[in-house]
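>
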Amino acid sequence: MPQPERLPGTPEFRIKLPQDGGEARGHLLAEFGGNGTHKFLLEEGSTVAAEAWPGLGDHARRTRAELRANGGLVNAPTDPDRPQAPPRWVAARDIECNSSSAAAALVYGYDASGPESWRTTEGHPLADYLSTGWRAPRKAWLVRGSNVSGHNLVRQLWLQEEFVSLAGAHLPPLEETDPTKSTLRRFVEDGYEGAASYNQKRGLVDELHAFLTQMRVGDTVAAISDGLLHVGRVTGEAVQTASPGGLSNLRRTVAWQADSHAYEELPEEVQQKLSVQHDVVDLTGVLDALDGLAEQAEHTAPATGGERPAAERPVQRELSLPDITGALATDLLVHDRAWLDEMRELLFDERQLVLFGPPGTGKTYLAMKLAEYFGGGPEQVKIVQFHPSYAYEDFFEGFRPVEDPETREVAFRLTAGPLRELADLASREGNRHIPHFLIIDEINRANLAKVFGELYFLLEYRTRSVRLTYSGDDFALPPNLFVIGTMNTADRSIALVDAAMRRRFAFVELSPRTEPTAGLLARWLKREGRDLEPARLLDALNARIDDTDFAIGPSYLMKPGVYRDGGLERTWRTKILPLLEEHHYGEGLDVAARYGLDSLREQRP
39 MPQPERLPGT
49 PEFRIKLPQD
59 GGEARGHLLA
69 EFGGNGTHKF
79 LLEEGSTVAA
89 EAWPGLGDHA
99 RRTRAELRAN
109 GGLVNAPTDP
119 DRPQAPPRWV
129 AARDIECNSS
139 SAAAALVYGY
149 DASGPESWRT
159 TEGHPLADYL
169 STGWRAPRKA
179 WLVRGSNVSG
189 HNLVRQLWLQ
199 EEFVSLAGAH
209 LPPLEETDPT
219 KSTLRRFVED
229 GYEGAASYNQ
239 KRGLVDELHA
249 FLTQMRVGDT
259 VAAISDGLLH
269 VGRVTGEAVQ
279 TASPGGLSNL
289 RRTVAWQADS
299 HAYEELPEEV
309 QQKLSVQHDV
319 VDLTGVLDAL
329 DGLAEQAEHT
339 APATGGERPA
349 AERPVQRELS
359 LPDITGALAT
369 DLLVHDRAWL
379 DEMRELLFDE
389 RQLVLFGPPG
399 TGKTYLAMKL
409 AEYFGGGPEQ
419 VKIVQFHPSY
429 AYEDFFEGFR
439 PVEDPETREV
449 AFRLTAGPLR
459 ELADLASREG
469 NRHIPHFLII
479 DEINRANLAK
489 VFGELYFLLE
499 YRTRSVRLTY
509 SGDDFALPPN
519 LFVIGTMNTA
529 DRSIALVDAA
539 MRRRFAFVEL
549 SPRTEPTAGL
559 LARWLKREGR
569 DLEPARLLDA
579 LNARIDDTDF
589 AIGPSYLMKP
599 GVYRDGGLER
609 TWRTKILPLL
619 EEHHYGEGLD
629 VAARYGLDSL
639 REQRP
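Take any residue in the sequence shown, note its place counting from 1, add 38, and you have its number in my numbering.
1. Which same chain residues, not among the five before or five after Leu105, have their C-beta less than 6 Å away from its C-beta?
2. Is it buried or exposed for Asp479, if we count other Cβ within 10 angstroms and need 16 for buried?
3. Should Arg451 go down as buried or exposed, given a rule of 16 or more other Cβ atoms within 10 Å for buried?
4. Do you know offhand how far Glu492's Cα is from Arg483's?
5. Would you say Ser235 and Ser184 are within 8 Å of each other, going by their C-beta atoms?
6. Check for me: the alpha helix (DSSP H) holding Thr612 runs from which residue to which?
7. Under a Cβ-count criterion, where at least 16 other Cβ atoms within 10 Å of its own Cβ denotes burial, should Tyr459 be classed as buried or exposed?
8. For Arg541, is the classification buried or exposed, using 16 other Cβ atoms within 10 angstroms of its Cβ as the cut-off for buried?
9. Tell me which residues share the same chain as Leu209 and place their Cβ nearer than 6 Å to its Cβ, disregarding the 5 neighbours each side in the sequence.
10. My assumption, with CB atoms under 8 Å, is that Ser138 sits in contact with Phe78. Please give the rounded CB distance.
11. Apply the 10 Å Cβ neighbour rule to Trp156 and answer buried if 16 or more other Cβ atoms are within range, or exposed otherwise.
12. Just the C-alpha distance for Ser220 and Glu160, rounded to the nearest angstrom, thanks.
13. Can you tell me whether Lys311 is helix, strand or coil according to DSSP?
14. Please report the Cβ distance between Arg551 and Ala589, rounded to the nearest whole angstrom; I am assuming they are in contact, meaning their Cβ atoms lie under 8 Å.
15. Below 8 Å between beta carbons: does that hold for Leu497 and Leu515?
16. Assuming Leu246 and Leu204 are in contact, meaning their beta carbons sit under 8 Å apart, how far apart are those beta carbons, in whole angstroms?
17. How is the beta strand (DSSP E) around Trp294 delimited, first residue to last?
18. Residue range of the beta strand (DSSP E) that Lys239 falls in?
19. In whole angstroms, what is the alpha-carbon distance linking Glu356 and Gln418?
20. Measuring alpha carbon to alpha carbon, tell me which of Tyr623, His76, Gln57 and Leu55 ends up nearest Glu43.
21. Take Phe433 and list the residues in its own chain whose beta-carbon comes closer than 6 Å to its own, dropping the five residues that flank it on each side.
22. Rounded to the nearest angstrom, what separates Thr158 and Pro115 at their Cα positions?
23. Compute the Euclidean distance between the alpha carbons of Asp603 and Leu570, then round it to the nearest angstrom.
24. With a CB to CB cut of under 6 Å and the five nearest residues on each side skipped, what residues in its chain are close to Leu222?
25. Is Arg608 close to chain D? Criterion is C-beta to C-beta, closer than 8 Å.
26. Just curious, the beta strand (DSSP E) that Ser263 is in, first and last residue?
27. If you draw a straight line from the alpha carbon of Ile362 to that of Gly415, how long is it in whole angstroms?
28. Enumerate in chain order the residues of its own chain whose CB-to-CB distance from Phe201 is below 6 Å, with the five nearest sequence positions on each side excluded.
29. When you compare the CB positions of Leu519 and Ala449, do they come within less than 8 Å of one another, or not?
30. Can you give the Cα-Cα distance for Arg52 and Gly523, rounded to whole angstroms?
31. Excluding five sequence neighbours on each side, which residues of the same chain lie with their C-beta closer than 8 Å to the C-beta of Ala150?
32. Would you please state the rounded distance, in angstroms, between the beta carbons of Tyr623 and Arg582? I believe it to be under 8 Å.
33. Does the stretch 56-69 touch the stretch 90-104, meaning 3 or more C-beta pairs lie closer than 8 Å?
34. Can the beta-carbon of Leu378 be found closer than 8 Å to that of Leu391?
35. Can you grab the Cα-Cα spacing for the pair Pro46 / Val521, in whole Å?
36. DSSP puts Trp179 in a beta bridge; with which residues?
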């Protein structure tokens, strides 16, 4: 009997049964089954679960019963070392199944997705070797193009010539119209060997597959440039063409809408999706919100006669940070621009700084605003928060447990953390003059030596590289990666930060008693047209607190709820006094009598 033909270019696939219950093996066949997918051959010797679960379909139950009756599935030998192990069967011959899902149901004893259950020895799912099946009728995508090797393609090409693109300079000619992920992985592994890290190559495969195979004509596409979101509709299939430097050689034509949308005015759910740092991001979850923006634009007369606003910026060639402007100082309510100039100089010289001070002084807010301003937008900013259990594997890279959704088995996969991801983005060809920022909130709440590991060395010596613990790569922190940490001194004294940390970071204090935080609440109240009493009360409160680490910052009183009826008293009672209760714990002090609003109002001249 002739052997069925295997699907060319596909490897052997495996399923590992839970509780060390053995393994099933098989491969895709060139012939299609009755449901329009490739048939699957379960190989002789494969282990099969003997128990049938309630969720198993009738057809799969009949198939298993027939195979038991005709000798296709026989009892597996009992393992004397595991007498309590669940019963198993073994395939006595090769078994041809109608699909990979039918084969998975046969093995598991319950219905399961074959494209996700069957895996290669490297852990890649069978789905990577199949052409794209069903997908939503219309999807939405973000494609980044404002910084492609230092070029703003959105402004320079996409909007003018009506297309969207990806860079693929090292790819061979693509003969398939919808290449599978396995095909693209092979091309990327060959073409980008030595030119990209494992994490960059993994991300590139996903982005190419989304752009070339998942994206379809009629989908919504979005792009960000100069703080504006541009939305359009995909009108053409993906094509591979020549382009200068290979920056835009994979293209799809797009009909762009005439109006754009300011980033800060977008719905919060859209902003959140846009913060994902990949070149191609699936935005289908916010498709309705994007459609709403389009409807809103149709009912709004364009303010510029239909022309697209283009805030031209000079093309950078060397790494630099933008100069401080009066508009930035006004936005941050910093009346002393010299302080902001000093922050810029510190960042450029040291590459790392920590903003420290008591709670409520706006450390995280200021860090994010400065990072977005110096980096040119939120696309170049990533934020993480440290905590006591945070480790090197969470921060940089490590083997992380990944659970198989079907078998519930856990496998370990080398996974990049936020620092590795941002470093890979910053070190892309043509990106090294673009500042990228990592914000570490509550940096002093983790075991820093445990989190940073050998990266401590790289923070001080940016021109050197070290061999990494897990991947074995030779790695250097790119010079255009800046780190801003925030530290709440009420949680842990700054004196407890080890000497290695202090040597590698510049420390800048934000205190209600020093600029620029001093007087910030009064400036905010004036801008909002409110009474200045809360600022006077806060100053009187901090004058009574003997420990500067426990002073109260102005951000507690810069929220709308404070200025509703009874809001100031409520905030004072539920936010501020509990902090001071903790500070004076065990001292027997009547905190409300010393720091309450009535006391402060009585003694205030």
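Built from N, CA and C at the ideal position, the CB exists for glycine as well.
Short version:
1. So the list reads Leu111, once near-sequence residues are dropped.
2. Around the beta carbon of Asp479, 16 or more other beta carbons sit within 10 angstroms, so the residue counts as buried.
3. It is exposed - the Cβ of Arg451 has fewer than 16 other Cβ atoms within 10 Å.
4. The straight-line gap from Cα to Cα measures roughly 19 Å.
5. Going by C-beta atoms, Ser235 is not nearer than 8 Å to Ser184.
6. Per DSSP, Thr612 lies in no alpha helix (DSSP H) segment and is marked neither H nor E.
7. Residue identity check: residue 459 is Glu in the sequence provided, not Tyr. Around the beta-carbon of Glu459, 16 or more other beta-carbon atoms lie within 10 Å, marking it buried.
8. By the beta-carbon neighbour count (other beta carbons within 10 angstroms, threshold 16), Arg541 is exposed.
9. Phe225 and Gly229, listed in sequence order.
10. Right, the Cβ-Cβ distance comes to about 4 Å (below 8 Å), so this counts as a contact.
11. By the neighbour-count rule (16 or more Cβ atoms within 10 Å), Trp156 is buried.
12. Those two C-alpha atoms are separated by around 12 Å.
13. Three-state DSSP puts Lys311 in a helix.
14. Between Ala589 and Arg551 the Cβ distance is about 7 Å, and since that is below 8 Å, they are a contact.
15. Leu497 is a Cβ neighbour of Leu515, given a cutoff of 8 Å.
16. The Cβ separation is near 7 Å, so the contact holds.
17. Trp294 -> beta strand (DSSP E) spans Leu288 to Ala300.
18. Not the beta strand (DSSP E): Lys239 falls in the alpha helix (DSSP H), residues Tyr236 to His247.
19. Looking at the two C-alpha atoms, the distance is approximately 17 Å.
20. Residue His76 is the option with its Cα nearest to Glu43.
21. Excluding sequence neighbours, Phe433 sits near Gly455, Leu457 and Val489.
22. Looking at the backbone, the Cα of Thr158 and that of Pro115 are separated by about 26 Å.
23. C-alpha separation (whole angstroms): 16 Å.
24. Here the set comprises Val243, Leu246 and His247.
25. No chain D is present in this structure, which holds just one protein chain.
26. Counting along the chain, the beta strand (DSSP E) containing Ser263 begins and ends at Thr258 to Ser263.
27. Approximately 15 Å, taken between the alpha carbons.
28. Within the same chain, Arg289, Thr291 and Val292 come within 6 Å of Phe201 by CB-CB distance, once the 5 residues on both sides are set aside.
29. Not closer than 8 Å, so no.
30. Each residue's Cα considered, the two are about 45 Å apart.
31. Closer than 8 Å at Cβ, skipping near neighbours: Ser139, Ala142, Ala143 and Glu444.
32. Distance from Tyr623 to Arg582 at the Cβ level is roughly 17 Å; contact not present, criterion being Cβ atoms closer than 8 Å.
33. No: fewer than three Cβ pairs fall under 8 Å.
34. The answer is no: Cβ separation not under 8 Å.
35. Across the structure, Pro46 and Val521 are spaced so that their CA atoms are roughly 48 Å apart.
36. When DSSP reads this structure, Trp179 sits in a beta bridge with Val259 and Asp320.
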